[in-house]
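> Here you go, one structure.
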Amino acid sequence: LGNATAIVDNPNGAQYIAQLPSNAFDTDLFPSGGNVQGAIQAVSMPSGQGVMFHVEFSGLPASGGPFLYHIHDQPVPADGNCTGTLAHLDPYQRGEEPACDASLPETCQVGDLSGKHGSINGTDFSTTFTDEFASTLTGIGAFFGNRSFVLHFANTTRITCANFTAV
Numbered sequence: 001l002g003n004a005t006a007i008v009d010n011p012n013g014a015q016y017i018a019q020l021p022s023n024a025f026d027t028d029l030f031p032s033g034g035n036v037q038g039a040i041q042a043v044s045m046p047s048g049q050g051v052m053f054h055v056e057f058s059g060l061p062a063s064g065g066p067f068l069y070h071i072h073d074q075p076v077p078a079d080g081n082c083t084g085t086l087a088h089l090d091p092y093q094r095g096e097e098p099a100c101d102a103s104l105p106e107t108c109q110v111g112d113l114s115g116k117h118g119s120i121n122g123t124d125f126s127t128t129f130t131d132e133f134a135s136t137l138t139g140i141g142a143f144f145g146n147r148s149f150v151l152h153f154a155n156t157t158r159i160t161c162a163n164f165t166a167v
């Protein structure tokens with residue numbers, strides 16, 4: 001369908017959060033229990049153009065990075081199985097290949113946050129950025145408020161996931 005369109009009519013002050021659960025989706029990664037800790041917070045910009053995301057994680061595995069994180073098309077199912085979130089949010093049907101070019105974010109999948117704004121190196125991570133293509137306006141394909149995010153190893157294996165909810 002083409003490149004993503006910058007969103008200019010997000011509702012002022014719309015806020016969402018996706019908080020990671022206390023237990024991991026893949027318990028083999030955390031045999032003693034627990035999970036990566038953290039959340040993604042999102043608020044629409046006062047101008048209506050773009051969404052500011054604050055991403056904070058701690059307790060990431062010591063190996064397997066750089067880690068990736070994406071908004072996925074579906075919410076996490078009740079059983080917590082991250083594979084149920086399906087693929088990345090991609091309303092323009094860009095697909096996975098070629099890899100996202102951060103210098104041309106409009107050519108990336110809307111949900112490819114790490115592709116557009118940087119992957120995660122290390123066991124703790126915090127960043128804030130504005131994404132021009134995500135939306136807090138219900139009814140359009142780039143709306144993420146009823147979707148989820150997934151944290152992945154570099155090889156795309158899913159580590160953990162959480163649903164966005166309105167604040």
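For the sequence shown, my numbering gives the first residue as 1, with consecutive numbering after it. Glycine residues also receive a C-beta, built at the ideal position from the N, C-alpha and C atoms.
Identify the residues that DSSP records as bridge partners of Asp131: which are they?
Answer is Val51.
> Among residues of its own chain, excluding the 5 on either side of Glu56, which ones have a beta-carbon nearer than 6 Å to its beta-carbon?
These residues qualify, in order along the chain: Gly38 and Ser126.
> Along the beta strand (DSSP E) that carries His117, what are the first and last residues, could you check?
Segment Leu113 to His117 is the alpha helix (DSSP H) holding His117; no beta strand (DSSP E) there.
> Please report the straight-line C-alpha distance between Phe25 and Gly80, rounded to a whole angstrom.
About 6 Å.
> Looking at C-beta atoms only, is the number of pairs between the stretch 73–90 and the stretch 138–152 that lie closer than 8 Å three or more?
Contact holds: three or more Cβ-Cβ distances are below 8 Å.
> Cβ of Gln15 within 7 Å of Cβ of Val110?
No; because the gap between Cβ atoms is not below 7 Å, this pair is not in contact.
> What does Val43 pair with, by DSSP beta-bridge criteria?
Note: Val43 sits in a beta bridge opposite Gln15 and Met52.
> Using the rule of at least 16 other Cβ atoms within 10 Å of the residue's Cβ for burial, across every protein chain shown, is Asp112 buried or exposed?
Buried: at least 16 other Cβ atoms inside 10 Å.
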